[in-house]
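Colleague:
2 protein chains.
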Amino acid sequence: MRDVAVIGVGIIPFGRRDEDSLLDMLAYSSLKALDDAGLGEKGVDALYVANMGAGILQHQTAIASALADRLSLLPCSADTVENGPASGASAIKNGVLAIASGYYDTVLVAGGEKMREVVGWKATDFVATLTHPQVEYPYGITLPGMAGMLARLYMEKYGLTEEQLIAVSLKNQRMGSLNPYSHVEMMITKEGIHDHRDAIVNNPMAADPLHLYDMCPVSDGAAAVMLCALEKASQFTSNVPVVVAGFGQATDTHTLQERDDPTELKAVTLAAQQAFARAGLTPQDVDVAELHDAFTILEIVESERVGFFKTGEGGKAAERGETALGGKIPINMSGGLKARGHPVGATGVAQVVDIVFQLRHALPEGRQVKNAKVGFTLNFGGFGNNIVSFVLRRAE
Amino acid sequence: MRDVAVIGVGIIPFGRRDEDSLLDMLAYSSLKALDDAGLGEKGVDALYVANMGAGILQHQTAIASALADRLSLLPCSADTVENGPASGASAIKNGVLAIASGYYDTVLVAGGEKMREVVGWKATDFVATLTHPQVEYPYGITLPGMAGMLARLYMEKYGLTEEQLIAVSLKNQRMGSLNPYSHVEMMITKEGIHDHRDAIVNNPMAADPLHLYDMCPVSDGAAAVMLCALEKASQFTSNVPVVVAGFGQATDTHTLQERDDPTELKAVTLAAQQAFARAGLTPQDVDVAELHDAFTILEIVESERVGFFKTGEGGKAAERGETALGGKIPINMSGGLKARGHPVGATGVAQVVDIVFQLRHALPEGRQVKNAKVGFTLNFGGFGNNIVSFVLRRAE
């Protein structure tokens, strides 16, 4: 088992990118990662592409083969990996395994999704293709609906308040406004949100008790990371390598109804535990984290399940500012899915990109967690039925 | 790099399976592989699902998560791997890497496709989603069209004859009629084919010079293999383990027009060379092979490129019976894609299943290659732009 490091990262601004095809976006982010890593085209042994829905959204398959050619990486091996909204982290995990096996030295992982080609309910319907085809999808349940139910259960069970959800929304929106790659650039204030909520039109109820501003936008975007055997990293780059210290992946029941307690999100706990165990580190060692806040409630629940806070304490911690810059454990300093955006195949890769920025100490004041050495990511597939997590460490 | 072995296989009859969902088929074949390997549900560390088009064909994503739950493999890790018609072999390759890395001991790989839900041109259109979205797909080129052009070039360049194509078709159809998992069960004879061709109606021209019987059918189906670290195989099963002695994967230009010589299929040569080099074996060591005969012409060209015959000699060798049972190198004793069928996500897995049957000496007379010790598979992605190959060896 060789150690694996991230030696290059690339990301393009998320948002509405009508002028770019899915392959364009994957290529742009990949070229940035290759350039950042100091690798030429001929330095890539294998390519993994993370994508959830090009078949549905673009009527296109085999995009890994297409990208390998587009980037002139031939004859490198190339596969597409799909795990719903956790496709990005799954692809990185497979890249890590490819290098750890000793068969490959350098692996490019690019994740992307072009979701703005469909509008309105069709985007929600697209994501709902991950629900159970017999007992969920036909009855019209959507991911926002599931998140609304989770939030309501949390309110009943742990006293979660709307103010706590708003605290997450404000933090992430503020951080996103400082991130040049973020989809949502506008600042909102607590007063602004209240105004909007009062007006309903601007922040309408989406899935009770979640409002529009509790949800991530529908985005186009792509991100890429260049992985390399740690022992060979110095051959390519003078960047500080960021070591993939540990990874975890765990599955849970497909449907919510089969879970003893839908608020538990067991797979989140398990994936995080695996990643920390492999890294030989604990949640207390983490300096900065990117969690999967497709909905504000998810950031709160995940922050508890991965071990940053006790169960039921995540919302209060967010309201007290403990997850903000300068707090106990800064979460989603990128703006998270909530503000950076959530082009599903790109998200897990973008999370690692943002943690690498942090661990390189490459971000401007206002976003950089001072002297960050250990980072954590959690990418949420299905509605918590397939979770992939990483512990990343700045090489000393 | 630990050695990896196949310790269990499962396959269900390919064909038209209106009563089964994609997940049903994946589950059936997986349960057979688990049973064959002697593994219970809790013995699986990781699951890979090979599938090309559930998004397009079933409006469904994240099927690896769904299958993990369906099989009660929770909380095992689970990813879907897609590489067009070579998705099956790509998924197995990733399973091999996962075990070789040392992180996982046991990996289930299930490949499946449910293609009969669409009919006629829509099935051809579905497969064509792997062509180039700007310079191929919009102009209506299909995979049969590409295969027809390849056959015509081979006729002009190497004197390939229709009789040689017919020899492949007859052999594979005959072998398929003996395979209980085969889609096409009917026998055809040379006279029959000639009659049909004369009558046109029954074997019409499909893509000049290829007729209907030069092409694989559109099939539903699934297959699964259980992979295990070779050192741990005896913990689970008394089956003779089949070692994944070598694998190879290579990409080529997305479009045919960019290739110096479209008859070369460089990626086929490269993938096979990699697999043989890793295995420390040569094409002359192979006792039985499964090649990707989605079109008869492909079996002929591949049999040359992987090194069984000299360039331009594959058609003559097929006509002389050198690729039949008892010949120099028996190819597609399963019936191949031509007769077993080609549910695209399943094919690369089914190829390995059939070679494992051969190397276990488990087939009846008439299909079993006597004393077979080394097998070879080649799974063809795109139109030759992403090839995955395995050399398999019976453990002594």
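Protein chains in written order, with this note's numbering: chain S, 1 to 396; chain H, 1001 to 1396.
From the three backbone atoms N, C-alpha and C, an ideal C-beta is built for every residue, glycine too.
1. Hey, CYS1216(H) and ASP1293(H): beta-carbon distance below 9 Å or not?
2. Just to confirm, are ALA222(S) and VAL356(S) a CB contact at a threshold of 9 Å?
3. Which residues does DSSP pair with SER1389(H) in a beta bridge?
4. Could you tell me whether the Cβ of ILE12(S) comes closer than 9 Å to any Cβ of chain H?
5. Pull up the distance between the alpha-carbon of LEU1392(H) and that of GLN284(S), whole angstroms please.
6. Grab the span of the beta strand (DSSP E) containing TYR48(S) for me, first residue to last.
7. Would you tell me roughly how many angstroms separate the C-alpha atoms of ARG1320(H) and ASN1094(H), rounded to the nearest one?
8. With burial defined as no fewer than 16 other Cβ atoms inside 10 Å of the residue's Cβ, what is the status of ASP260(S): buried or exposed?
9. Over the uninterrupted beta strand (DSSP E) stretch that includes THR80(S), give me the two end residues.
10. Which residues in chain S have a C-beta closer than 7 Å to the C-beta of ALA1098(H)? List them in chain order.
11. Among GLU1396(H), LEU1047(H), ASN1385(H), whose alpha-carbon lies nearest the alpha-carbon of ALA1271(H)?
12. What span of residues does the beta strand (DSSP E) with VAL1024(H) cover, start to end?
13. Looking at the C-beta of CYS228(S), does it have a partner C-beta in chain H at a distance below 9 Å?
14. Below 9 Å between beta carbons is the criterion; list the residues of the segment 1129-1158 of chain H that meet it against any residue of chain S, in chain order.
15. Near VAL369(S), which residues of its chain fall below 6 Å by C-beta distance, leaving aside the five closest residues on each side in sequence?
16. Show which residues of chain H have a CB atom less than 7 Å away from the CB atom of VAL44(S).
17. Kindly list, in the order they appear in chain H, the residues whose Cβ is closer than 9 Å to that of CYS76(S).
18. So what's MET1186(H) in DSSP terms, helix, strand or just coil?
19. List, in order along the chain, the chain S residues whose C-beta lies closer than 7 Å to that of VAL1268(H)?
20. Judging by CA-CA distance, which residue of GLY1246(H), LEU1165(H), THR1161(H), ALA1339(H) is the nearest neighbour of GLN1273(H)?
21. Give me the DSSP bridge partner(s) of ALA224(S).
22. Looking at the C-beta of GLN58(S), does it have a partner C-beta in chain H at a distance below 9 Å?
23. Using a beta-carbon distance below 9 Å, is ALA1068(H) in contact with chain S?
24. Does ALA1066(H) come out as helix, strand or coil in the three-state DSSP assignment?
25. Going by DSSP, what residues sit across from GLY280(S) in a beta bridge?
26. By Cβ distance, which residues of its chain are closer than 7 Å to LEU1212(H), with the 5 residues on each side in sequence left out?
27. Output, in chain order, the set of chain S residues within a Cβ distance shorter than 8 Å of THR1080(H).
28. Contact between the segment 1027-1038 of chain H and the segment 121-136 of chain S is defined here as three or more beta-carbon pairs at a separation below 8 Å; is this criterion met?
29. For the beta strand (DSSP E) that VAL344(S) lies in, which residues bound it at each end?
30. Can you pull out the residues from the segment 1306-1332 of chain H whose beta carbon lies closer than 9 Å to at least one beta carbon of chain S?
31. Enumerate in chain order the residues of its own chain whose CB-to-CB distance from GLU1299(H) is below 6 Å, with the five nearest sequence positions on each side excluded.
32. Quick one: what does DSSP say PRO85(S) is sitting in, helix, strand or coil?
33. Name, please, each residue of chain S whose Cβ falls closer than 7 Å to the Cβ of GLY1381(H).
34. For ALA1054(H) versus LEU1074(H), is the C-beta distance shorter than 9 Å?
Modeller: Quick answer:
1. Taking a C-beta distance under 9 Å as the contact criterion, CYS1216(H) and ASP1293(H) qualify as a contact pair.
2. Going by C-beta atoms, ALA222(S) is not nearer than 9 Å to VAL356(S).
3. GLY1248(H), LEU1378(H).
4. For ILE12(S), no Cβ of chain H is located within less than 9 Å of the residue's own Cβ.
5. So the two alpha carbons sit approximately 47 Å from each other.
6. Element bounds for TYR48(S): 46-50.
7. The straight-line gap from Cα to Cα measures roughly 38 Å.
8. Around the beta carbon of ASP260(S), a 10 Å sphere encloses fewer than 16 other beta carbons of the protein chains shown; the residue is thus reported as exposed.
9. Looking at the DSSP string, the run of the beta strand (DSSP E) that includes THR80(S) is 77-82.
10. The answer, in chain order, is LEU97.
11. Minimum Cα distance to ALA1271(H) is reached at ASN1385(H).
12. Reading the sequence as shown, one finds Asp at residue 1024(H) and not Val. Run containing ASP1024(H): none in the beta strand (DSSP E); it sits in the alpha helix (DSSP H), 1022-1037.
13. It does not; no Cβ of chain H falls within 9 Å.
14. Listed in sequence order: THR1129, LEU1130, THR1131, HIS1132, PRO1133, GLN1134, TYR1137.
15. Counting only residues of its own chain and dropping the five nearest sequence neighbours on each side, VAL369(S) has a CB closer than 6 Å to the CB of ASP287, VAL288, PRO330, GLN358.
16. Within chain H, no residue comes near VAL44(S); the closest Cβ sits about 11 Å away, beyond 7 Å.
17. Those within 9 Å of CYS76(S) in chain H are GLN1249, ALA1250, THR1251.
18. Here DSSP, grouped into helix, strand and coil, assigns MET1186(H) to coil.
19. What VAL1268(H) touches in chain S: nothing, since even the nearest Cβ is about 11 Å away.
20. Selected option, being the one with the closest Cα: GLY1246(H).
21. According to the DSSP secondary-structure assignment, ALA224(S) is paired through a beta bridge with GLY10(S), ALA110(S).
22. Yes, GLN58(S) lies at the interface with chain H (some Cβ there is under 9 Å from its Cβ).
23. Output row for ALA1068(H): interface = yes.
24. DSSP places ALA1066(H) within a helical segment (H, G or I) once states are collapsed to three.
25. In the DSSP assignment, no residue is bridged to GLY280(S).
26. Taking C-beta separations shorter than 7 Å and ignoring five residues to either side along the sequence, the partners of LEU1212(H) in its chain run ASN1203, PRO1204, ALA1206, following chain order.
27. Per Cβ cutoff of 8 Å: VAL81, GLU82, ASN83.
28. The count of Cβ pairs closer than 8 Å, one atom from the segment 1027-1038 of chain H and one from the segment 121-136 of chain S, stays below three, leaving the stretches out of contact.
29. It is not in any beta strand (DSSP E) - VAL344(S) instead sits in the alpha helix (DSSP H) that spans 344-359.
30. Residues passing the 9 Å Cβ filter: none.
31. These residues qualify, in order along the chain: VAL1168, LEU1291, ASP1293.
32. Reduced to three states, the DSSP call for PRO85(S) is strand.
33. Simply ALA62, SER65.
34. Not closer than 9 Å, so no.
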